[in-house]
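Peer 1: Numbering (my numbering), first residue to last: 6 to 305.
Ideal Cβ positions, reconstructed from N, Cα and C, are used throughout, including at glycine.
1. Nearest by alpha-carbon distance to residue 254: which of 154, 22, 62 is it?
2. What are the boundary residues of the alpha helix (DSSP H) that includes residue 175?
3. Terminal residues of the continuous alpha helix (DSSP H) containing residue 119?
4. Excluding five sequence neighbours on each side, which residues of the same chain lie with their C-beta closer than 7 angstroms to the C-beta of residue 27?
5. In the stretch 237-299, which residue ranges form an unbroken alpha helix (DSSP H) of at least 4 residues, counting only runs that do not cross its ends?
6. Identify which residue in 112, 106, 169 has its Cα closest to the Cα of residue 122.
7. Is residue 156 helix, strand or coil by DSSP?
8. Quick check on residue 141: buried or exposed, where buried means 16 or more other Cβ atoms within 10 Å of its Cβ?
9. Would you say residue 36 and residue 202 are within 8 angstroms of each other, going by their C-beta atoms?
10. Out of 223, 34, 211, 111, point me to the one whose CA is closest to residue 166's CA.
11. Apart from the five residues just before and just after residue 119, which ones in its own chain have a Cβ nearer than 6 angstroms to its Cβ?
12. Could you give the C-beta distance for residue 293 and residue 49, rounded to a whole number, given that I count them as a contact under 8 angstroms?
13. Per DSSP, what kind of secondary structure is residue 220 in: helix, strand or coil?
14. Using the rule of at least 16 other Cβ atoms within 10 Å of the residue's Cβ for burial, across every protein chain shown, is residue 290 buried or exposed?
15. Residue 251: buried (16+ other C-beta within 10 angstroms of its C-beta) or exposed?
16. Return the chain-ordered list of same chain residues with a C-beta closer than 6 angstroms to the C-beta of residue 286, the five sequence neighbours on each side being excluded.
17. Among residues of its own chain, excluding the 5 on either side of residue 191, which ones have a beta-carbon nearer than 8 angstroms to its beta-carbon?
18. Classify residue 10 as buried or exposed, calling it buried when 16 or more other Cβ atoms lie within 10 Å of its own Cβ.
19. Of the choices 196, 139, 204, whose alpha-carbon is the least far from that of residue 80?
20. Would you check if the distance between the CB atom of residue 44 and the CB atom of residue 262 is smaller than 8 angstroms?
21. Would you report the Cα separation of residue 83 and residue 70, rounded to the nearest angstrom?
22. Between the alpha carbons of residue 246 and residue 24, how many angstroms are there, rounded?
23. Quick check on DSSP: helix, strand or coil for residue 134?
24. Could you say which of 151, 20, 41 lies nearest to residue 270 if we only look at CA atoms?
25. Can you grab the Cα-Cα spacing for the pair residue 55 / residue 91, in whole Å?
26. Please report the straight-line C-alpha distance between residue 57 and residue 266, rounded to a whole angstrom.
27. Looking at the secondary structure, which residues open and close the alpha helix (DSSP H) in which residue 48 lies?
28. If I'm right that residue 64 touches residue 233 with Cβ under 8 angstroms, what's the distance once you round it to whole angstroms?
29. For residue 115 and residue 107, what's the separation of their Cα atoms in angstroms?
30. Distance, Cα to Cα, residue 280 vs residue 150?
31. Between residue 53 and residue 225, how many whole angstroms is the CB-CB distance? I'm expecting something under 8 angstroms.
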């Protein structure tokens with residue numbers, strides 16, 4: 006099957022895409038919960054990241070090979086898969102390291118900066134012409150970040166920088182994923198992602214290695230299941246609908262994680278977190294829709 010054939014067969018199914026996206030958001034939200042639970046038992050976040058992706062790969066491999074055959078292991082663009090794995094792995098390691106250090110709602114709210122970083126990086130690295138509307142939305146979005154972290158009114162934890170770096174890497178990852186969905190089968194993308202991210206996490210984890218014990222194995226296996234499920238739904242959603250159309254649904258991660266953090270860790274997000282998150286998310290959503298509109302004009 007050629008790349009052209011894959012592109013031609015792509016279909017838009019908005020309802021199914023929305024359901025896949027909401028399910029993925031729920032899984033991603035609880036991902037941070039299980040990382041925190043494992044870290045509280047003394048397992049370093051890098052070790053957690055390694056086992057999370059290892060178990061995810063072991064879960065996905067028999068499922069995808071059984072359904073699609075061994076041909077799913079033969080990629081068309083190994084370079085793009087490697088780039089995606091490296092970017093996503095860097096984003097994951099920074100995020101996991103920050104999970105035990107910051108309130109989960111704050112962490113999630115700062116994660117909404119990905120579209121803002123996408124605009125900045127597109128201008129700086131790709132030389133993309135960014136109009137005043139998107140620059141204005143980007144500045145407003147980063148003003149929302151200031152509302153969340155409240156510099157001068159509260160101590161700004163250094164791990165905030167890790168979350169912003171993670172979001173920047175995730176922004177580039179989404180761009181690569183979007184291109185890959187026109188080239189590779191979703192199963193191939195998922196398998197290589199889990200495998201490469203496990204390899205990327207293994208190297209730093211060796212410097213902080215502690216063998217998990219007891220209930221930590223439960224959290225690690227649960228993370229593997231959540232990761233396999235979340236990324237399966239995520240890739241599937243983007244293969245069925247435009248990124249801009251799915252962007253508003255990503256905000257569902259905040260109320261989900263807020264309820265979970267309150268119930269499990271007795272964390273209650275400050276009003277400033279909700280206000281700042283809404284500002285960041287609204288700006289990011291506008292940017293995504295603006296980019297989609299400009300892309301449609303370019304194709305016309």
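Peer 2: According to the structure shown:
1. 22
2. 164-185
3. 119-130
4. 254, 257
5. Runs of the alpha helix (DSSP H) inside the stretch 237-299: 248-251, 258-270.
6. 169
7. strand
8. exposed
9. For residue 36 and residue 202, no; Cβs fall outside 8 angstroms.
10. 111
11. 172, 175, 176
12. That belief does not hold up - the Cβ atoms of residue 293 and residue 49 are roughly 35 angstroms apart, past 8 angstroms.
13. coil
14. buried
15. That one is buried.
16. 117, 256
17. 237, 240, 241, 244
18. Bear in mind that the predicted position of residue 10 carries a pLDDT of just 42, short of 50, making it unreliable; the figure below should be weighed with that in mind. So residue 10 ends up on the exposed side.
19. 196
20. no
21. About 18 angstroms.
22. 11 angstroms
23. Reduced to three states, the DSSP call for residue 134 is coil.
24. 41
25. Between residue 55 and residue 91, the C-alpha separation is close to 14 angstroms.
26. For residue 57 and residue 266, the gap between their C-alpha atoms comes out near 20 angstroms.
27. Secondary structure note for residue 48: it is in no alpha helix (DSSP H), with a DSSP letter that is neither H nor E.
28. The beta-carbon distance between residue 64 and residue 233, rounded to whole angstroms, is 5 angstroms. This is short enough to meet the 8 angstroms contact definition.
29. 11 angstroms
30. Taking the CA atoms as reference points, residue 280 sits about 10 angstroms from residue 150.
31. The pair is a contact, with the Cβ atoms about 7 angstroms apart (cut-off 8 angstroms).
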